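Residue numbering for the sequence shown follows our numbering, beginning at 894 and increasing consecutively. Don't be surprised by glycine CBs; every beta carbon is placed ideally from N, CA and C. Please read all numbers here as calculations on a predicted model, not as lab measurements. Written below as C-alpha cells is the structure these notes are about.
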Amino acid sequence: MREPDLSVILVNYNVGALLLGAVRSLLDQQFAGPDGEDGRLEILVIDNASGPTDAVFLAALPNTVSLFRNDRNLGFATAVNQGIEQSHGRYLCILNPDARLLSGAIAALLAHLYRHPEVGAVGPRIWVDEGRTLLLPPEPLPTLGSLLRSAFGGSRRGPEDRRGRQRTMRALGLWRAKEPIPVEMMPGTCLVAPRQVFDRIGGFDPGYFLYYEDAEWCWRLQRSGYHLAWVPAAELLHYYNQSAQQDQAAAGAHAARSEARYVRRRYGWVGAMLYRLSRRAPGLMTRTRVEPLEGLVELGRLEGPPQLVLPDGSGSQERLIEVSDDHAFAHTAVSVAESSTFQFPADVWVRMAPGRYYARCVDTGTGRCLARWSWAKPA
C-alpha cells in the first residue's frame, strides 16, 4: 500500500468539539501527491490528557483517525514530536485543533512546496472570523531587541513609531497579497513541511511546554538554509487560543518561561542576562507603560462588539484597522475598511477572553494613525 503523502498532527487539550471540526475540514480537502495522483491523507490526534468532557468528542472521531492518549499533559512541543514519530507521510502538517481549513488550502500549500524545494515550510492565510474580516498576519521572528523594547514600554514617540508604521504597512501588503510571500516565521497554528526538513533540523524543542516552540523551529529552519513562505491562496479559520483560555494564569506563566528559553537558545548567556535585567526593572517599566496614548478614545466596559466610526484618510477611502490586546500593537489582527464604520465581528467577540483591548485606524496612503480606541470586555 502506498504511504501517505501528507500526515496531519493535531494536539488536543480540552477542545474536543473544535477538534471534530478541524478533522472534518481535513477530510473535505482534495489535493494531489507529488506524483500527480490523488493525495493520500493520514490524520493523527495526540490527546494531552484532556478532561472527561472531551471523551465523547474523542470517541466520535472517524475510525480513519489515529488517536494517541497521554496520561498527563506533556506540552504542545512534546506531543507534536510524538505525532511526527508515529506518522508516515512524505509531508507533515502541524494543525491546531481550534482551526478549520477552508476549501483548497492543503492543495495550495503542497503545490508551493512541490514547486520550490528551497522552501522548508509554508503556512496559510489565517482569519479569526467566519466572515473573513480580521486577518492574523505572519509576524517577524522575535528578536532580543523587540523583546527588550516590549519590556520597557513598547511603542512610544520616536523610532518605535517608525517601526510601528513599518509593521502596519507590511500588514497592508499581506492583506492585498495574491502570490506567496517570503516570511520569517509561520505559527504552529498550521505549518506544512517536507518530512526531510524535520529529519534534518529536528522537531520542536520539548523544552517549550507552550508558546515559542514554533518561533525557535523557524529560526533553526532558516539557519539551515531553508526559506519560509506564506501562501495566501490557502486559507484557514482560527478560533484563536481556546485551550490557553481555560487557565490564563498558567498560560501566562508558560509564555514567560518559553520566552526566556527562546532568548537563551538564540542569544546565549549575554542575551539571557540582558533579558533578565529588563524583567527586573519594574520602576522604569511602570513609567513607560502608563504613558497615555495620544488621542485614545476610551469606550469603557462593553457588553457587545463595538462599532467604530472611522475618520477620513488622505484620499483613498481605504483604511487599515488593527486590533490588539497590547497597547503597543506588537501582535495584531488586521482588516481593511472602505466604509465610514467598522463593525467588530460578533463571532470573534464571544470567543474573546475578558480583558482590555485596543484598536487603531491607519491611513493606508501615509501610514499615519488617524484614531485609537480602547475598551474592556468584562468577565
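Query: Rounded C-alpha distance that separates asparagine 974 from serine 1209; Result: 48 Å
Query: Unbroken stretches of the beta strand (DSSP E), 3 residues or longer, contained in the segment 1120-1153; Result: 1120-1131
Query: Cα-Cα separation, glycine 914 to aspartate 991; Result: 8 Å
Query: 6 Å Cβ shell around proline 927 - same chain, five flanking residues per side excluded; Result: Tyr1007
Query: Glutamate 1106 in three-state terms, based on DSSP; Result: helix
Query: Sub-8 Å separation of leucine 1192 and serine 1117 beta-carbons; Result: no
Query: Residue environment, glycine 1258, which counts as buried when at least 16 other CB atoms sit within 10 Å; Result: exposed
Query: Spatial distance of asparagine 956 from proline 1010 (CA atoms); Result: 34 Å
Query: Residue range of the unbroken beta strand (DSSP E) whose run includes glycine 944; Result: Premise fails: glycine 944 is in no beta strand (DSSP E) and is neither H nor E.
Query: Same chain, Cβ closer than 7 Å to glutamate 1231, neighbours up to 5 away in sequence not counted; Result: Gln1210 and Glu1211
Query: Inter-stretch contact at 8 Å, needing at least 3 Cβ pairs: the segment 1075-1087 / the segment 936-955; Result: no
Query: Alpha-carbon to alpha-carbon, proline 897 and alanine 942; Result: 27 Å
Query: Where glycine 909 sits in the DSSP three-state scheme; Result: helix
Query: Host alpha helix (DSSP H) of phenylalanine 1097 (start-end); Result: Note, phenylalanine 1097: premise wrong, no alpha helix (DSSP H); not H, not E.
Query: Glutamate 1196 versus Glu1215, Val1227, Gly944 and Trp1242, residue with shortest Cα-Cα distance; Result: Trp1242
Query: As assigned by DSSP and simplified to three states, the class of serine 959; Result: strand
Query: As assigned by DSSP and simplified to three states, the class of glutamine 1273; Result: No answer is possible for residue 1273: the residues shown for the chain start at 894 and end at 1272.
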